[in-house]
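Counting the sequence shown from 1 gives a position; the numbering used here is that position plus 4.
Structure, as structure tokens:
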Amino acid sequence: MIDRLLPAGVASSELFSDPPELRAHPLEEELIAKAVDKRRREFIGARHCARRAMGEIGVAPEPILRGERGAPIWPRGVVGSMTHCDGYRAAVVAPALRLRSVGIDAEPHEPLPTGVLEAVSLESERSWLADPAGAAAWDGVHRDKVLFCAKETTYKAWFPLTNRWLGFEDAHITFTISERNGADARGEFHSKLLVPGETIDGGPALTAFDGQWMVADGLVVAAIVNE
Ligand SMILES: CC(C)(COP(=O)(O)OP(=O)(O)OC[C@H]1O[C@@H](n2cnc3c(N)ncnc32)[C@H](O)[C@@H]1OP(=O)(O)O)[C@@H](O)C(=O)NCCC(=O)NCCS
5 MIDRLLPAGV ASSELFSDPP ELRAHPLEEE LIAKAVDKRR REFIGARHCA RRAMGEIGVA
65 PEPILRGERG APIWPRGVVG SMTHCDGYRA AVVAPALRLR SVGIDAEPHE PLPTGVLEAV
125 SLESERSWLA DPAGAAAWDG VHRDKVLFCA KETTYKAWFP LTNRWLGFED AHITFTISER
185 NGADARGEFH SKLLVPGETI DGGPALTAFD GQWMVADGLV VAAIVNE
């Protein structure tokens, strides 16, 4: 499913259940030594996906340890991102020569819990959610959850480039919807960064990301592929 949001040359792998035979890499085990079963399963499943995807781009199945602020430490020469939620685990990887960064996020396709929207959105984003103009195209799509998913995707594409926190108030996200098929939907989003543009490796300042989102099989999935 997530591969539908990715261009050629970017590898992905996903799971919709947890095969009981999966194990953490021995060097990862200490990261989850004290974790409850749910946490172990999501950690192991997403890392299994990561190693499967790494295999597709010719990278050995190395451990993926945890770096600053919980960001995964990918093998040298690899960029990637992982996500897990109830009923879904996924990883996306690419050679660092192919991409600057990638971010993915998946969430159950349900409305945000009461009170969360105010904490994770800008007033302009809430105005868009409340605007009846164009709402018919989004009928049945939980736009608040799509917004949340795009925000977390933005953070995951941002952090490996900058090693900096980015708050929910630090990006303004706008959306288009391009396809509907029953309950399923997909479209694009634009994350305008509201923090001073970081310059990465002498390149142009980083001021925005473009991504894609999709609702399918009861999930919202989003990806930013930063080429
Ligand atoms: C880190 C965060 C985005 C994870 O999202 P989530 O929906 O809770 O969880 P997901 O299952 O989708 O993703 C978890 C995975 O993200 C990855 N991750 C964690 N921190 C990360 C970081 N700083 N940078 C990149 N990836 C990170 C890890 O691989 C993690 O899985 P693991 O702990 O098993 O290795 C979220 O917990 C968070 O801190 N959000 C606040 C920051 C934010 O979203 N800002 C919005 C900017 S507009």
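Glycine included, every Cβ here is placed at the ideal spot set by N, Cα and C.
Predicted, not measured: the structure shown is a model, and the values here were computed from it.
Exposed or buried, residue i, counting other C-beta atoms within 10 Å across all chains shown (16 or more means buried)?
i	result
L1	Lying outside 5 to 231, the shown extent of the chain, residue 1 is not represented and no answer is given.
D109	buried
F47	buried
R44	buried
A212	exposed
V82	buried
V106	buried
E114	exposed
A37	exposed
P93	Here the sequence assigns Arg to residue 93, which means Pro is not the residue at that position. Per the 10 Å Cβ criterion, buried.
E183	exposed
A209	exposed
G215	buried
I'd like to confirm something about residue i: is its beta-carbon nearer than 7 Å to some heavy atom of ligand 1, or not?
i	result
A28	no
F163	yes
F179	no
L170	yes
Y92	no
E156	yes
C89	yes
G201	no
M218	no
P76	yes
E46	yes
D109	yes
K160	yes
D174	yes
M86	yes
A37	no
Return the residue from the list the options that minimises the CA-CA distance to residue i.
i	options	result
G13	E111, H194, R102 and D174	R102
P67	R73, S85 and E33	E33
H52	R80, S85 and F163	S85
I181	W162, G138, E173 and D205	G138
D188	V224, A94 and R27	V224
P99	A64, W132 and S131	A64
R130	E114, G107 and T178	T178
D7	K42, R43, S21 and A57	A57
L10	G171, W132 and V97	V97
A161	E114, L126 and V229	V229
A95	P117, R104 and G59	G59
T87	L133, V124, F20 and A37	F20
R190	G201, A141 and W132	A141
G171	A123, N185, L133 and D214	A123
R18	E25, P24, G206 and A54	Just to set this straight, residue 18 is Glu in the shown sequence, not Arg. The shortest Cα separation from E18 among E25, P24, G206 and A54 belongs to A54.
P24	K42, R104, D214 and S16	K42
For residue i, which residues of its own chain have a beta-carbon under 7 Å away from its beta-carbon, when the five flanking residues on both sides are left out?
i	result
V40	none
A175	K155, T158, S195, K196, L197 and L198
L126	E173 and H176
D22	R45 and G49
For residue i, which residues of its own chain have a beta-carbon under 8 Å away from its beta-carbon, when the five flanking residues on both sides are left out?
i	result
I77	I68, L69, R70 and G71
R27	I48
G119	none
Spatial neighbours of residue i within its chain, please: C-beta separation below 6 Å, excluding the five flanking residues on both sides.
i	result
E111	C89, K149, C153 and V224
**Item:** Meets three-Cβ-pair contact criterion under 8 Å: the segment 139-156 and the segment 216-223
**Value:** Segments in contact, yes.
**Request:** Decide if the segment 159-174 is in contact with the segment 71-89; the criterion is three or more beta carbon pairs, one per stretch, under 8 Å apart.
**Result:** Output reads yes: the segment 71-89 touches the segment 159-174.
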